[in-house]
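Chains as they are written, first to last, in the working numbering: chain A, 1213 to 1521; chain B, 33 to 128; chain C, 612 to 846; chain D, 56 to 600. Structure first, then comments.
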Amino acid sequence: MANNVDALYIFLLVVSGMMTVAIFTLVLVFAVRYRKRPGQRAEQIDGSHALEITWSLIPFCIFMVFFAWGAIIFFQERKPPQNSAEVYTVAKQWMWKFEHMEGQREINELHVPIGRDVKMIMTSQDVIHSFFVPAFRIKQDVLPGRYTVAWFHATKAGTYHLFCAEYCGTMHSGMVGSVVVMEPKDYEAWMGGGGNQPLAVTGEKLFTELGCVTCHRSDTQGRGPNLVSIFGKPVLLEDGRTVVADENYIRESILQPGAKIVNGFKPIMPTFQGQISDEQLNALVAYVKSLSQAPSGQTGGRKMATATP
Amino acid sequence: MSEHVSSLKLYIGIWITLLIGTLVTVLVAGVNLPGPLNAVVALTIATIKATLVVLFFMHVKYAHDKITKVVIVAALFWLAILLALSMADYTTRLWT
Amino acid sequence: MHNSPIATADQEAHQNPALLHHFATEEQQKDAASLGMWVFLATEIMFFGGMFCAYLVYRYWYFGDFGAGSQSLNVVLGGTNTAVLICSSLTVALAVRAAQLGQQKVIIICLILTMLLGLVFLGIKGVEYHDKFVEHHVPGPGFHFPGHVPGHPDIPINQHHAQIFFSLYFIMTGLHALHMIIGVGLFAFITYNAMRRRYGPDYYTPVEVAGLYWHFVDIIWIYLFPLLYLIDRSK
Amino acid sequence: MATAVLESGERETYLNKEYGIKSWLLTVDHKRIALLYLVSITFFFFIGGFFALLIRLELLTPAGDLVQADTYNKLFTMHGQVMVFFFLIPAVPAVLGNFLIPIMIGAKDLAFPRVNLLSWYLYIIGGALMLYTILNGGVDTGWTFYTPLSTEFLNTHVVTAGLAIFVAGFSSILTGLNFVVTTHRMRAPGMTWSRLPLFVWAHYATSIIQLLGTPVLAITLLLVVCERLFHLGIFNPALGGDPLLFQHLFWFYSHPAVYIMILPGMGIVSEIVCCFSRKRIFGYTAMALALLGIAVVGFLVWAHHMFVAGISLYAAMIFSLLSYFVAVPSAIKVFNWTSTMYKGSITYQTPMLYAFGFIGLFTMGGLTGLFLASLGIDVHVTDTYFVVAHFHYIMVGGMVMAYLGGMHFWWPKISGRMYPEGWGRLAALLVFVGFNLTFFPQFILGYMGMPRRYWDYSHSPEFQILNVLSTAGATVLAVGYVLPMIYFLWSMRYGKPAPDNPWNAAGLEWMVPSPPPTFNFEEQPVVTWEAYNYDEIKEEVPVAQ
Ligand code: HEA
Ligand code: HEA
Ligand code: CUA
Ligand SMILES: [Cu+2]
Chain A
1213 MANNVDALYI FLLVVSGMMT VAIFTLVLVF AVRYRKRPGQ RAEQIDGSHA LEITWSLIPF
1273 CIFMVFFAWG AIIFFQERKP PQNSAEVYTV AKQWMWKFEH MEGQREINEL HVPIGRDVKM
1333 IMTSQDVIHS FFVPAFRIKQ DVLPGRYTVA WFHATKAGTY HLFCAEYCGT MHSGMVGSVV
1393 VMEPKDYEAW MGGGGNQPLA VTGEKLFTEL GCVTCHRSDT QGRGPNLVSI FGKPVLLEDG
1453 RTVVADENYI RESILQPGAK IVNGFKPIMP TFQGQISDEQ LNALVAYVKS LSQAPSGQTG
1513 GRKMATATP
Chain B
33 MSEHVSSLKL YIGIWITLLI GTLVTVLVAG VNLPGPLNAV VALTIATIKA TLVVLFFMHV
93 KYAHDKITKV VIVAALFWLA ILLALSMADY TTRLWT
Chain C
612 MHNSPIATAD QEAHQNPALL HHFATEEQQK DAASLGMWVF LATEIMFFGG MFCAYLVYRY
672 WYFGDFGAGS QSLNVVLGGT NTAVLICSSL TVALAVRAAQ LGQQKVIIIC LILTMLLGLV
732 FLGIKGVEYH DKFVEHHVPG PGFHFPGHVP GHPDIPINQH HAQIFFSLYF IMTGLHALHM
792 IIGVGLFAFI TYNAMRRRYG PDYYTPVEVA GLYWHFVDII WIYLFPLLYL IDRSK
Chain D
56 MATAVLESGE RETYLNKEYG IKSWLLTVDH KRIALLYLVS ITFFFFIGGF FALLIRLELL
116 TPAGDLVQAD TYNKLFTMHG QVMVFFFLIP AVPAVLGNFL IPIMIGAKDL AFPRVNLLSW
176 YLYIIGGALM LYTILNGGVD TGWTFYTPLS TEFLNTHVVT AGLAIFVAGF SSILTGLNFV
236 VTTHRMRAPG MTWSRLPLFV WAHYATSIIQ LLGTPVLAIT LLLVVCERLF HLGIFNPALG
296 GDPLLFQHLF WFYSHPAVYI MILPGMGIVS EIVCCFSRKR IFGYTAMALA LLGIAVVGFL
356 VWAHHMFVAG ISLYAAMIFS LLSYFVAVPS AIKVFNWTST MYKGSITYQT PMLYAFGFIG
416 LFTMGGLTGL FLASLGIDVH VTDTYFVVAH FHYIMVGGMV MAYLGGMHFW WPKISGRMYP
476 EGWGRLAALL VFVGFNLTFF PQFILGYMGM PRRYWDYSHS PEFQILNVLS TAGATVLAVG
536 YVLPMIYFLW SMRYGKPAPD NPWNAAGLEW MVPSPPPTFN FEEQPVVTWE AYNYDEIKEE
596 VPVAQ
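Here it is in structure tokens:
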């Protein structure tokens, strides 16, 4: 990613640098060449339609290049590859809490291996924050009440700054941390650390404890829909709309079950708003997702989108 | 604006139309029309009523220069910008 | 001369004492006042527009809860109020007409009727507010809105979403009512001047301009009524 | 002309016609109201500047050592709010526009003189509320008031700050209303639309934005205040609201508002460039249409401030695309100013120096705006010092330069005195150098990743060098700003009396005496010439040096 962004940046720098130089030179040359001389009067020129059109159209075409190139990069940045490793992130005044699929929890430090696509699934407990890793050229606001997503693919080991980029109160400037990018073997060693429980397993436990299983059974006999393989697929709703079951949808289904009713079911699911923490919610979401995935952890390995620090 | 003096009959006529419009709005609201049609009907009637008020009670029909109309159209256009571009975000947020 | 608003350079001596020093003609002064009011109304559209935008977004998101909130409003009172405002618009229009025709008495009668109708509107609005207050439908710590979404007896109403509906209801109608109060104040002032026989066929700009304002407030209500009172009524 | 003469034998002007506090505070003369504004916005400029200096001092060292974190947050918040709402938005329209528009179109006053005075009072009430907020401990929302931080999580004076800006907003609306009606209804015979000076066109375009944008800000701030007082939930996700709705409504106004802060400056620069090149403007129609174009298209791009805020991908694309549309009319303007100088007869008095500065710095600020409008780049640089540098380049490098240029250009008309030209040029140079030193390093800082609104950057000491440069620049800039203030005041007493047309410039305002009489014109002027008829102006008349 960083390479792409830098390439576009340099392109923009060159083009606008040329424009700036051109305009400055013209202004200076005119200022000197046509300075007031005794006995000489200015020559009146009303304008020129041809020129007006030229200098509207040419910049416009250049602008369209800026736009298209920027938009392409943006789309890559916003579409995490399938099979990324996922990190659930909860931001709060003024710290970052990370939770890996494998269950490791970290605060203000994020360990990732080289060469893996990492997808950040983020939410906030209070105000708006923003996840910013300058070295990866990514930034995404983190909002309360919903998930936002960012992803990156680190290619060089090292420790990089992590900033909160959206003003969030007193210690906004203290809401900093680091992203530690490790060689895969170091990463494995780091992972091996504590005997952590994978997030999805925590989720599975909660799924039983909270009584979800009573309705969502793995057969088709439950009062609620079978949740196996729903993730990422379109869901037909009662009112005829179709929505794709993404993280936000699952989140909403748990917190506000009444908002979108699955076709063929009764809106009997109780709300869990206020009864579970953001971390528990993340675990549940991770579990529901795990029901739809091949054993995760594989490297996506898309070449074009890399973050070279 | 204009020195135009409208006839009493016209005023009363508009007034009655407006009252009828209100009644129709209320009545139609009680009928279950398919889809968003209820809202469409209600807003169409409201717009007709508003247009009548603007044209006749506010004398825009007799305005002797265009500027009043331009001001109205501009205001509505700007309102449309606000609503349309905001909704451009809200309606496409779930797209992937 | 060209498209300049001032027809000729020098005008005869001012005939009307209401002509302000910096205007060349009465025509110019009148046109300026009326354009000024229209431009002001354009800003008012955007002022309410911000709220319409919020309304649209949440109605789109929380349609069911909005329907429920809407059904708890009193259509009879709301409808009556619409009629009352339409009548007051008529009386304002007639007041302007009377001024154009120089019918001094009629001006005053129409203006007083307008103010009365305005007060009736505010009174009814007050009754509605009172009802909502008694029912605990006023947003805040005491807010409570039981029930289910129209057409879905088994979906309970989401309290937060219903509260947003009522917040918008109170802010929109509240600001509308504030405009009405200002309007009544304006007309009180104009009635006073009308009693002093200030207005006639040569000069009735204030009546007309205040009338524009009043009609505008009426139009806002013409939209507020279906948008707030008539969501999903049929279910 | 039969000029009125005072008993003392002096010519009667708007300044000496009456004396005493009352004659000022109750005046309905647009020129006096302009001066009331001049005094009040200058006051707020120095307050805002004072906050800026404290910000820069804090950032001199990486550690947060000069002030507390909360204090720093208040500093940039109040710096932004004061500078934007109480200085830059009213700066040119309410001072120079107020003074000049009626004269430029040949009218005795604005259409609604009393409304004009009312709008000054509203400004003062808003300003008083802002001062109250500042003195009472301030507010730390950021000038953008983002929710739910501002509504639920801060315990500073958000309500009074919001109301201050709410009230000041109505002042701005009324100014715009007055200008629109005046331009439509008060033009002198012969003053057709195609003969209007571009300064008037620029204010007309600005007024459109003030009229149709400001009310949305007003209602949004009102909602924030209600939300804060009653916890309605409209902008609070915990209660089902959407914080992005606030951002949409806020930027619906605040993006167009940046054009409120640049269009009048473009008007000034057009006047100055023509005058000191002794030339008609190149492409008058294109220039006028570009002004309107910026005003209209400027309303379509607001969500480019929200690219990473969590809006839909597709909406982000639309807004990025539209952002480039506004840049086209801006490009037209830059090219036309440059072409106006071609084959001119150019002199370098102070106003022209500021105009040069404007063209250069606006171009740089605008071009970096194009970086921000490009989605891929914005993701990286949004909310960093790159953005801070971008907008200071346009607002300080562009608009404040234009404002100072305009003040120097019309000061002889306003005060009837000449300012000292040598000092003027020195100050212009200082401002230019100081400005670039302050803000150029911030572009680099931003790309390196320094986030804005950071009180403490001790975790990244590599940012320090550039910050030191920036702070050094700010001190030079401060001197550059204080100088004009001193010599303007000095000139009111000791300056050479100004001739009616010191620059030998075209335009109705130079045909009335300096300073003008109360009703501007003794007789209704009739316009028979095109704008910028520099070919018809005799050069023999000595040009003031
Ligand atoms: C007077 C104020 C002003 C003006 C005029 C502008 C003008 C522009 N601005 Fe700026 N902007 C601000 C004030 C201003 N801005 C402020 C205050 C903020 C931050 C707010 C905050 O978050 O606190 C901001 C932030 C901001 C952002 C959001 C950044 C972020 O937070 O992520 C963006 C993104 O698109 C942007 C874009 C633009 C563009 C495209 C223009 C265009 O209008 C510029 C057009 C001009 C030119 C392009 C130059 C001339 C053209 C040529 C010479 C043509 C030749 C060029 C080529 C052929 C390449 N601005
Ligand atoms: C019109 C607008 C305007 C103007 C003119 C300025 C002028 C300046 N601004 Fe500011 N600025 C903003 C609008 C403006 N700014 C906005 C909107 C923000 C964003 C706020 C936010 O994030 O919410 C911002 C933010 C901002 C920041 C970023 C803070 C942060 O993100 O942490 C910085 C940092 O350098 C800065 C610096 C300056 C400087 C050095 C000047 C200089 O040009 C100022 C020069 C003037 C002087 C130095 C005055 C001289 C006066 C004296 C010497 C006397 C002082 C004493 C007395 C009062 C008696 N500004
Ligand atoms: Cu969290 Cu800034
Ligand atoms: Cu913008």
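Cβ coordinates follow ideal geometry from the N, Cα and C atoms, glycine included.
Check	Outcome
Is there contact between the segment 395 to 415 of chain D and the segment 315 to 333 of chain D, where contact requires at least three CB pairs shorter than 8 Å?	yes
Quick check on DSSP: helix, strand or coil for residue 766 of chain C?	strand
Assuming contact is defined by CB atoms lying nearer than 8 Å, are residue 765 of chain C and residue 685 of chain C in contact in what I supplied?	no
Closer than 8 Å is the cut-off here; do at least three beta carbon pairs connect the segment 578 to 585 of chain D with the segment 510 to 524 of chain D?	no
For residue 1372 of chain A, report the span of its beta strand (DSSP E) as first-last.	1370 to 1376
If distances are taken between C-alpha atoms only, which option among D:291, D:348 and D:398 comes closest to residue 334 of chain D?	D:398
Take the Cβ of residue 615 of chain C as the centre, count every other Cβ of all protein chains shown within 10 Å, and call the residue buried at 16 or more, exposed below.	For residue 615 of chain C, the pLDDT reaches just 45, beneath the cut-off of 50, and the residue's location in the model is therefore unreliable, although a value from the coordinates is still provided. Buried: at least 16 other Cβ atoms inside 10 Å.
Is any heavy atom in ligand 6 found nearer than 7 Å to the beta carbon of residue 1260 of chain A?	Among the ligands present in this structure, namely ligand 1, ligand 2, ligand 3 and ligand 4, ligand 6 is not found.
What residues are listed by DSSP as bridge partners for residue 1303 of chain A?	A:1308 and A:1336
May I ask you to check if the CB of residue 313 of chain D is nearer than 7 Å to at least one heavy atom of ligand 4?	yes
How far does the beta strand (DSSP E) with residue 1364 of chain A in it reach, from first residue to last?	1360 to 1365
Does the beta carbon of residue 1470 of chain A sit closer than 8 Å to a beta carbon anywhere in chain C?	yes
What is the rounded straight-line gap between the Cα of residue 516 of chain D and the Cα of residue 1347 of chain A?	16 Å
Near residue 782 of chain C, what residues of its chain come up, given a Cβ to Cβ distance below 7 Å and the 5 sequence neighbours on each side ignored?	662
Do residue 356 of chain D and ligand 4 come close, with the Cβ less than 7 Å from some heavy atom?	yes
Closer than 5 Å from C-beta to any heavy atom of ligand 1: which residues, in chain order?	A:1231, A:1271, A:1274, D:313, D:316, D:317, D:359, D:360, D:378, D:381, D:382, D:385, D:386, D:389, D:418, D:421, D:424, D:427, D:428, D:433, D:437, D:442, D:446, D:449 and D:450
Just mark residue 87 of chain D as buried or exposed, buried being the case when its beta carbon has 16 or more other beta carbons within 10 Å.	buried
Does any C-beta atom of chain A lie closer than 8 Å to the C-beta of residue 843 of chain C?	no
Report yes or no: is there a C-beta of chain C within less than 8 Å of the C-beta of residue 54 of chain B?	yes
Compute the Euclidean distance between the alpha carbons of residue 419 of chain D and residue 1342 of chain A, then round it to the nearest angstrom.	28 Å
Helix, strand or coil: how does DSSP classify residue 40 of chain B here?	helix
Find the nearest neighbour of residue 1386 of chain A within the set A:1392, A:1471, A:1377 and A:1394, judged by alpha-carbon distance.	A:1377
Whole alpha helix (DSSP H) runs in the segment 1388 to 1412 of chain A with 4 or more residues, listed along the chain?	1396 to 1403
Can you find a CB in chain G that lies within less than 8 Å of the CB of residue 755 of chain C?	Among the chains of the structure shown, chain G does not appear; the protein chains present are A, B, C and D.
List the whole-angstrom C-beta distance separating residue 81 of chain B from residue 59 of chain B, where the pair is believed to meet the contact cut-off of C-beta under 8 Å.	The pair is not a contact, with the Cβ atoms about 15 Å apart (cut-off 8 Å).
So with CB distances below 7 Å, who are the chain B contacts of residue 846 of chain C?	64
Compare the Cα-Cα distances from residue 424 of chain D to each of D:258, D:450 and D:405 and report the closest residue.	D:450
Taking the alpha-carbon of residue 1533 of chain A as reference, which of A:1349, A:1236 and A:1362 has the nearest alpha-carbon?	Nothing about residue 1533 of chain A can be read from this structure; chain A reaches only from 1213 to 1521.
At the level of alpha carbons, what is the spacing between residue 193 of chain D and residue 446 of chain D?	24 Å
Please identify the residue among D:284, D:310 and D:279 whose C-alpha is closest to the C-alpha of residue 267 of chain D.	D:310
For ligand 4, any of its heavy atoms closer than 7 Å to the Cβ of residue 310 of chain D?	yes
For residue 366 of chain D, go through chain B and note every residue whose CB falls closer than 8 Å to its CB, in chain order.	121 and 125
For chain B, find out if any of its Cβ atoms is closer than 8 Å to the Cβ of residue 706 of chain C; answer yes or no.	no
Could you tell me how far apart the beta carbons of residue 750 of chain C and residue 777 of chain C are, in whole angstroms, since I believe they sit closer than 8 Å?	5 Å
Using a Cβ-Cβ cutoff of less than 6 Å, which residues in the same chain neighbour residue 1472 of chain A once the five nearest sequence positions on both sides are dropped?	1449
Closest to residue 387 of chain D by CA distance: which of D:338, D:370, D:130 and D:148 is it?	D:338
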